[in-house]
Structure formats: C-alpha cells, structure tokens
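*Asks:*
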Amino acid sequence: MTTTDDLDAELRALESEVAAEPATILSTETDKADEQEIQPARRRLPWRVLTWRDVLAIASFAAVALFVTAPLWLNLDHELRDDPQDQAFFEWMLAHGARVLTDGVYPFFSDRLNYPDGVNMMANTSVLAVSLPLTPITLLFGPHVAFNVFLTGALALTGASWYLVLSRRFVASRAAAWVGALVATFAPSMVSHAGGHPNIVSQFLVPLIIWRTIELRTPRRSVRNGLLLAGLLIWQAFINLEILFMTAVGLGFFCAAMWLVRRRANPGELRPFLAALGVTAVTTLAVLAYPLSVQFFGPQSYQGLAEFVRGFGADLGSFVSYSSRSVAGNDAVAATLSQNPAEQNAFFGWGLVILFFGLLLWMRRTPAVLALGGIALLFAAMSLGPRIILDGVDTGIPGLWSILHSIPVLDSAVPTRWAMAIAPIVGIVLALGCQRAAEMVRSQPHTRGPVRVAMATAVVMALVPLAPTQLETVQMDPVPEFVTSGAWREYVDDDHAVVALPLPDSSYPDPLRWSAETGHDMRIAGAYALLPNENPQNPADRTAVFSPPWRPTSGLITSIRMGNPIPEITDARREMTLADLRYWNAAVVVLTPQTRDIEMLRTMSELLGFRPTWTGGVWLWDVRDLVDDPEARPAAEGDR
C-alpha cells in the first residue's frame with residue numbers, strides 16, 4: 007500500500023463508488039522509499055447501503071445510550087441527581103420550542119421566565135434545532151419525557167453518525183470504525199455531560215461537518231459543497247454554539263496543517279477549497295446574522311462569562327485518572343480533580359493515554375495523524391485554564407488560557423471543556439490505528455496472531471476501565487396540583503406572574519418545570535439562566551450570572567432557606583417586598599413543602615400582613631390587591 011500522498015484515499019469524499027482502500031491519511035514525498043505493496047482497489051459501499059454489520063453497530067450505540075439513561079426511563083418521577091437544575095432548564099426550553107410551533111411566538115426571546123425582564127434564548131442554548139422537531143413528543147407526553155428522548159437520542163445518533171462517517175470515509179474496517187465511534191460517543195466526558203447537558207452530547211453533526219469540510223477541496227463543486235456545509239453549520243448553531251466553535255477551531259488547524267504538507271504535490275486543491283469555504287461563510291453568516299445579533303446585542307444579552315467560570319480549568323492529574331462515570335472511577339478522587347460531576351472533561355485514564363501516544367508514535371509517518379495529535383495537545387493545554395492545577399494543588403504556573411481568556415468569543419468559553427474536544431480526536435486516531443493493524447495482518451500474514459493479540463489487548467485494557475455507568479437519579483418533587491389542575495389560572499392572567507418561594511435559581515429550579523408543564527402559559531418571576539450582571543457599583547459589567555440581579559425579597563428568602571436566622575421584619579422591609587412584588591407584577595406568591603418552609607412561610611406572612619391558604623399542594627398568598635392598587639400597603643404588625 008502506498009504511504010505517499012493519499013489523503014484522497016483516506017479521507018475521500020468523492021461521489022465515485024470505487025475507491026482505494028484507505029489505510030494512512032497522508033505522507034510526504036520523502037516517504038516514498040518506505041512505500042509498501044499497493045493494495046488492489048475495491049468497491050466501497052455508498053452511503054445509502056447498510057449491511058447487517060452496520061445495522062448491528064448502530065443498534066449497539068442505541069443500546070449503550072439506553073443503558074446509560076435507563077434510570078430516567080425506568081423512573082419517570084426521577085430527575086438527574088448531579089444536575090437537576092439543567093434538566094429543568096432544558097425541559098423548559100423544550101416547552102418553548104413547542105410553543106414556537108403551536109403559538110408562533112418569537113423564538114429568540116421569552117418573558118415566560120425571569121418576568122418582566124425575560125430571557126435571551128439565543129444566549130441561553132435554546133436548542134431550537136431539537137425542541138422544534140420534538141414538539142409532538144413534548145405535546146403528547148410532556149417536556150419531562152421529551153427530555154429523556156432528547157438525551158438518549160443525542161447519544162445514539164452521535165454514535166451512529168461517527169460510525170457511518172468513519173466507516174464510509176476514513177477507514178475500511180467496520181470494526182475499526184465501531185471502536186473509534188465508541189470512544190468519540192461514550193468517552194467519560196460525554197457521559198459526564200449526559201448528566202445534565204444534552205445539548206453538549208448532541209454531537210451527531212460534528213462528524214458530518216468534518217467530512218463536508220474536507221470535501222470542500224473537490225473541484226467544480228464549490229457551490230454545492232459550500233451550501234451543504236453551511237446547512238450543517240446552521241443546524242449545529244441552533245443546538246450548541248460551543249461545540250460548533252471547538253469543531254471549527256480544530257478543523258481550522260487541521261486544514262492549515264494539511265495544506266502546508268500538500269501544497270506542492272496538490273496545488274490545485276486550495277482554489278476550490280477557498281471558493282467553497284466562501285460560499286459556506288456567506289450563506290452561514292446571512293442566515294445567522296440576525297440570531298447572533300440578538301444573542302450578543304439583544305435584550306438580556308451579556309458579554310462573556312463570569313470571571314470564576316472562566317477560571318474553570320482541567321486538573322492536569324485528571325488526564326490519567328478515571329471519572330466517576332466510568333467503571334474504574336472513584337467519586338471521591340474525581341471530585342477533587344473537577345469542578346462538578348458534569349465537568350469531568352479530561353478523564354481518559356492511563357491506558358487510553360498510553361495507547362493514544364503509542365499510536366501517534368506508530369503512525370508518525372502520517373502527517374494527518376501527527377496534526378491530530380498536535381491539535382489534541384493544544385486543546386489539552388487550553389483546557390488547563392489560566393493557572394495549572396495538579397492533583398488539586400495550584401502550581402502557580404500560568405496556563406495558555408491566561409492569555410486567551412479575555413479575547414472576545416473565547417471569554418464565553420469554559421476552558422475545561424476544551425478537553426472534551428479531545429475525545430473525537432482520540433476516536434479517529436484509534437480507528438486509524440485499528441485499520442493499520444488490520445492492513446498489517448493482510449499484508450503480512452505471518453504477523454496475524456501477534457498483531458491481533460497486541461492490538462486487541464491494548465484496546466481492551468484502555469477502554470474497559472472507561473466503560474460508562476448509568477446516570478444517577480433521585481426522586482423529584484412533583485409539580486403541585488395547583489399547577490397541573492389549572493387552578494393557577496383563577497389567579498394569574500397574561501399580565502401577571504407567579505412568584506415562588508424561593509425564587510428559582512440553581513439550587514431550586516422546580517418553578518421552571520411548573521412553567522414548562524403549562525406550556526409556558528404561566529409566567530414566573532426569577533430564573534435559572536444566563537443573564538447579564540447588573541451591578542450598581544459597576545454598571546459597565548455585563549458578564550453573565552446564573553440568576554437575576556439581587557432583590558431584597560429574593561435575597562431574604564434565599565438566606566432563610568440556606569439556614570440563616572429570620573431578621574427583624576420592619577416596615578422598611580415590608581415596603582421593599584411590596585416594591586418587589588409590583589416589579590414582578592405578581593398575582594400570587596406560592597410556597598411548596600421543602601426545607602425550612604415554615605420559616606419562609608412565617609417570614610412572608612410577616613412581610614405581607616396576612617397568612618396564606620393551602621391550595622392544591624401549595625401555600626398561597628393572593629397579592630393582587632396589593633400589587634394592582636398603588637395606594638395599598640401591607641398591614642403593619644399592630645394592625646393585624
């Protein structure tokens with residue numbers, strides 16, 4: 007087999023059904039002396055043909071996805087243990103998508119959350135490309151079930167997509183494609199994010215984007231290829247822009263490296279590539295210009311993440327450790343090496359790290375493999391954050407991110423997640439390594455036994471400890487009958503909102519699920535969402551925070567819920583509470599049974615001057631008379 011100039015053979019995306027069997031991606035002209043015997047060309051299956059091996063492989067990805075998410079399906083009254091707030095948030099987003107289709111509401115902004123200020127949907131991962139197609143499921147079975155479909159389908163489709171692209175365009179061996187797709191789909195970082203971020207594990211478009219980007223170099227097809235890639239980019243933009251950005255960065259470095267290597271031997275590739283890329287850029291920007299303008303300049307937009315989030319870096323020790331979502335993992339160890347269970351992005355384990363670098367060394371004559379290894383190292387360096395941490399100890403050494411984190415666009419990225427982008431690279435290199443081993447067995451039959459045993463042993467030792475475990479779930483608080491029965495409609499019209507105690511935030515996201523249950527008919531005050539910081543001491547600060555700006559009432563109730571003592575209730579506090587209720591245009595204040603509910607009930611009763619009624623599983627204060635009458639005032643303690 008030739009090892010010279012065969013990027014076309016390895017990453018072929020041409021329409022011909024006859025292609026040389028790919029083995030190595032690329033080598034330079036100086037490697038001609040090392041050429042092996044040229045393998046005979048063989049007929050390759052077109053995209054539309056699925057063999058029984060393909061069906062079995064695709065079914066295996068669906069089976070693993072169902073295994074990982076089974077606790078959610080077997081217990082529909084449960085929620086994710088480690089990240090219930092994001093689950094509630096995406097259930098709310100799924101209800102928003104359904105409302106866009108059924109009621110024709112504006113898709114990029116909503117006032118059904120964080121009333122009256124609202125939420126910028128484009129700046130909050132609206133997942134419209136998923137929520138719109140899932141509308142029938144959301145309407146028929148509710149947003150909770152739709153979330154399960156979203157998460158399970160994201161994993162299964164990502165695995166199938168990687169397998170089909172790898173097996174059709176990168177390697178000839180179905181087994182090699184299956185192993186590579188397995189790593190790219192169920193790496194510890196992916197299973198970690200499956201615990202609350204279905205938008206991040208929805209990477210089924212990534213392999214297609216990679217394939218169509220490489221296809222841009224095909225001559226005389228610039229418009230067609232440019233439009234196809236633009237369609238994929240636009241689609242991905244409405245799933246998750248962060249994954250799209252990481253993919254674009256990786257592809258940019260890869261294509262630049264390949265051009266440097268191939269520019270003399272293939273000078274005719276650059277012009278069609280740039281022409282098609284121009285079509286892609288113009289089309290994508292034309293379609294996304296308005297949504298992106300809303301995201302970055304529209305109401306409730308923000309400018310970069312909070313400083314503490316931009317400091318979330320991967321612990322250097324985590325790269326050779328095992329995550330809590332792997333069979334070899336340990337919860338206590340993983341907790342010391344990551345910010346939270348959903349951000350265990352760099353846990354590859356010793357076995358896979360050694361195998362990856364071993365494959366790079368073995369295939370070092372292949373520039374594309376070396377380029378992939380270089381990109382992986384770059385992403386690893388970026389993921390370390392502004393300061394390098396080793397086994398939980400700050401080394402004091404500045405990381406690469408220390409000079410990148412303030413750059414526009416990059417200031418909205420979480421550095422540790424760059425490690426997550428390494429998993430697809432590892433999957434591709436592993437697939438190419440398995441393919442190389444299969445070719446060696448065919449070309450050198452006397453090595454069949456040792457090569458097969460060595461490769462199988464290395465793959466098993468690297469991947470078995472990383473086998474995913476099932477997601478952890480806990481019983482969730484049910485949506486109160488006050489909401490499910492529609493009793494809330496007796497109090498709340500389209501000009502008023504429901505105020506829950508405490509107001510929804512990362513520690514109490516339940517009201518988001520209430521709003522989703524009503525199909526967004528019910529507005530709620532407060533939010534768990536990315537919103538601009540409104541710091542009176544620094545009005546220019548527009549970085550993102552995960553909840554609305556502090557208000558006296560929400561701050562007081564949150565403090566009490568956290569276990570702090572109830573302060574003295576004065577007339578000044580009553581006036582501030584009334585001002586807050588009028589700001590939220592509240593119709594009712596509701597409190598569900600929960601931790602320190604008696605203390606919160608007593609405090610709100612003191613603030614309003616009357617006690618609540620028990621209605622439909624909630625304590626309810628009807629505050630319409632106080633809010634709508636500008637002359638009304640809460641009753642003082644001596645007047646009750």
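Numbered according to the numbering used here, the sequence shown spans residues 7 to 646. Backbone N, C-alpha and C define an ideal beta-carbon position, used for all residues, glycine too. Predicted model, so just to flag it, every value in this text is computed and none were measured.
#1: Can you check the segment 442 to 496 for any beta strand (DSSP E) of at least 3 residues that lies completely inside it and give the ranges in chain order?
#2: Among residues of its own chain, excluding the 5 on either side of T219, which ones have a beta-carbon nearer than 8 Å to its beta-carbon?
#3: Evaluate F147 with the Cβ neighbour count: other Cβ atoms within 10 Å of its Cβ, from every protein chain shown; 16 or more gives buried, anything less gives exposed.
#4: Which residues bound the beta strand (DSSP E) around G402?
#5: Less than 8 Å between C-beta atoms, sequence neighbours within five positions excluded: which residues of the same chain meet that for T36?
#6: For P599 and L72, what's the separation of their Cα atoms in angstroms?
#7: Would you kindly report the start and end of the unbroken beta strand (DSSP E) that includes H84?
#8: What first and last residue would you give for the beta strand (DSSP E) that runs through A506?
#9: Using a Cβ distance threshold of 8 Å, determine whether the segment 82 to 92 contacts the segment 470 to 487, with at least three qualifying pairs required.
#10: Please classify P149: does DSSP put it in a helix, a strand, or coil?
#11: Can you tell me the Cβ-Cβ gap for L311 and T549, rounded? I've got them flagged as a contact below 8 Å.
#12: With DSSP collapsed to three states, give me the class of F115.
#13: Inspect the beta-carbon positions of L163 and F96 and report whether they are closer than 8 Å.
#14: Assign Q543 to one of two classes, buried (16 or more other C-beta atoms within 10 Å of its C-beta) or exposed (fewer than that).
#15: Using 7 Å as the cut-off, classify the Cβ of Q309 as near or not near the heavy atoms of the ligand SAH, replying yes or no.
#16: Could you pull out every residue in the same chain whose Cβ sits closer than 6 Å to the Cβ of V293, ignoring the five residues on either side in sequence?
#17: When you compare only the Cα positions, how much space is there between P515 and G391?
#18: Contact between the segment 324 to 335 and the segment 472 to 481: three or more CB pairs below 8 Å?
#19: For the segment 402 to 415 and the segment 340 to 349, state whether three or more C-beta atom pairs, one from each stretch, are separated by less than 8 Å.
#20: With a threshold of 16 other CB atoms inside 10 Å of the CB of E21, please say whether the residue is buried or exposed.
#21: Going by CA-CA distance only, name the one from A493, M582, R105, A522 that's closest to G648.
#22: Can you tell me which residues form a DSSP beta bridge with W627?
#23: Identify every residue that forms a DSSP beta bridge with R393.
#24: Confirm, please, whether the CB-CB distance from G433 to L365 is below 8 Å.
#25: Tell me the residue span of the alpha helix (DSSP H) that contains T286.
#26: Rounded to whole angstroms, what's the CA-CA distance from N570 to L140? Just pull it up for me.
#27: State the start and end residues of the unbroken beta strand (DSSP E) segment that holds W620.
#28: What separation, rounded to the nearest whole angstrom, lies between the Cα atoms of L477 and G525?
#29: Do Y534 and Q91 have their C-beta atoms within less than 8 Å of each other?
#30: Check whether the segment 146 to 160 touches the segment 170 to 183, counting contact only when three or more Cβ pairs, one atom from each stretch, lie closer than 8 Å.
#31: Out of A129, S132, N130, S137, which one is the CA nearest neighbour of L107?
#32: Can you have a look at A502 and say buried or exposed, based on whether 16 or more other CB atoms are within 10 angstroms of its CB?
#33: On the DSSP bridge assignment, give the partners of A550 in chain order.
*Replies:* Let me lay it out:
#1: 479 to 481
#2: Numbered from its first residue, the sequence shown carries residue 219 at position 213. Around T219: L235, L257, C261.
#3: The count along the sequence shown starts at 1 and reaches residue 147 at position 141. By the neighbour-count rule (16 or more Cβ atoms within 10 Å), F147 is not buried but exposed.
#4: Looking up residue 402 in the sequence shown gives position 396. For G402, the enclosing beta strand (DSSP E) begins and ends at 399 to 404.
#5: Mapped onto the sequence shown, residue 36 falls at position 30. Any answer about T36 is weak, because its pLDDT of 34 lies below 50 and its placement is not dependable; what the coordinates show is given next. Once the five neighbours on either side are set aside, T36 has no close Cβ partner at all.
#6: Translated into the one-based positions of the sequence shown, residue 599 becomes position 593. Translated into the one-based positions of the sequence shown, residue 72 becomes position 66. Approximately 33 Å, taken between the alpha carbons.
#7: Translated into positions along the sequence shown, residue 84 becomes position 78. Note, H84: beta strand (DSSP E), 84 to 86.
#8: Taking the first residue of the sequence shown as position 1, residue 506 is located at position 500. In the DSSP assignment, A506 falls within the beta strand (DSSP E) that extends over 503 to 507.
#9: Yes, they touch.
#10: Reading the sequence shown from its first residue, position 143 is the one you call residue 149. Residue state, collapsed to three classes: helix.
#11: Here residue 311 refers to the residue found at position 305 when the sequence shown is read from its first residue. Here residue 549 refers to the residue found at position 543 when the sequence shown is read from its first residue. At roughly 6 Å, the Cβ-Cβ gap stays under 8 Å, so L311 and T549 are in contact.
#12: Within the sequence shown, the letter at position 109 stands for residue 115. DSSP places F115 in strand when its eight states are reduced to three.
#13: Taking the first residue of the sequence shown as 1, we reach residue 163 at position 157. Taking the first residue of the sequence shown as 1, we reach residue 96 at position 90. No; because the gap between Cβ atoms is not below 8 Å, this pair is not in contact.
#14: Here residue 543 refers to the residue found at position 537 when the sequence shown is read from its first residue. Q543 comes out exposed.
#15: This structure lacks the ligand SAH, and indeed carries no ligand of any kind.
#16: Start at 1 with the first residue of the sequence shown, and residue 293 comes out as number 287. Short of 6 Å from the beta carbon of V293, and not among the five residues preceding or following it, lie these beta carbons of its own chain, in chain order: I240.
#17: As a working note, residue 515 is residue 509 in the sequence shown. As a working note, residue 391 is residue 385 in the sequence shown. Approximately 29 Å, taken between the alpha carbons.
#18: yes
#19: Contact check between the segment 402 to 415 and the segment 340 to 349: fewer than three CB pairs, one atom from each, fall below 8 Å, which does not count as touching.
#20: By 1-based counting over the sequence shown, the position of residue 21 is 15. In this predicted model, E21 has a pLDDT of only 31, less than 50, meaning its place in the structure is not dependable; the value taken from the coordinates is given anyway. Classification of E21: exposed, given that the 10 Å Cβ count is below 16.
#21: The shown model of the chain, from 7 to 646, leaves out residue 648, and the question about it has no answer.
#22: Working through the sequence shown from its first residue, we reach residue 627 at position 621. Per the DSSP secondary-structure output, W627 pairs in a beta bridge with V595.
#23: Counting from one through the sequence shown, the residue named residue 393 turns up at place 387. Partner(s): P404.
#24: Mapped onto the sequence shown, residue 365 falls at position 359. Mapped onto the sequence shown, residue 433 falls at position 427. For L365 and G433, no; Cβs fall outside 8 Å.
#25: Reading the sequence shown from its first residue, position 280 is the one you call residue 286. Where T286 is concerned, the enclosing alpha helix (DSSP H) stretches over 276 to 303.
#26: Along the sequence shown, one-based indexing puts residue 570 at 564. Along the sequence shown, one-based indexing puts residue 140 at 134. If I take the Cα positions, the gap works out to 43 Å.
#27: Taking the first residue of the sequence shown as 1, we reach residue 620 at position 614. From DSSP, the beta strand (DSSP E) with W620 extends over 619 to 621.
#28: Residue 477 sits at position 471 when you count from the first residue of the sequence shown. Residue 525 sits at position 519 when you count from the first residue of the sequence shown. Answer to the nearest angstrom: the Cα atoms are 27 Å apart.
#29: Looking up residue 534 in the sequence shown gives position 528. Looking up residue 91 in the sequence shown gives position 85. Result yes, Cβ atoms of Y534 and Q91 sit closer than 8 Å.
#30: no
#31: Translated into the one-based positions of the sequence shown, residue 107 becomes position 101. For the residues A129, S132, N130, S137, the minimum Cα distance to L107 belongs to S137.
#32: Your numbering for residue 502 matches position 496 in the sequence shown. First, the residue type needs correcting, since residue 502 is His and not Ala in the sequence shown. Per the 10 Å Cβ criterion, buried.
#33: Indexing the sequence shown from 1 puts residue 550 at position 544. A550 pairs with P538.
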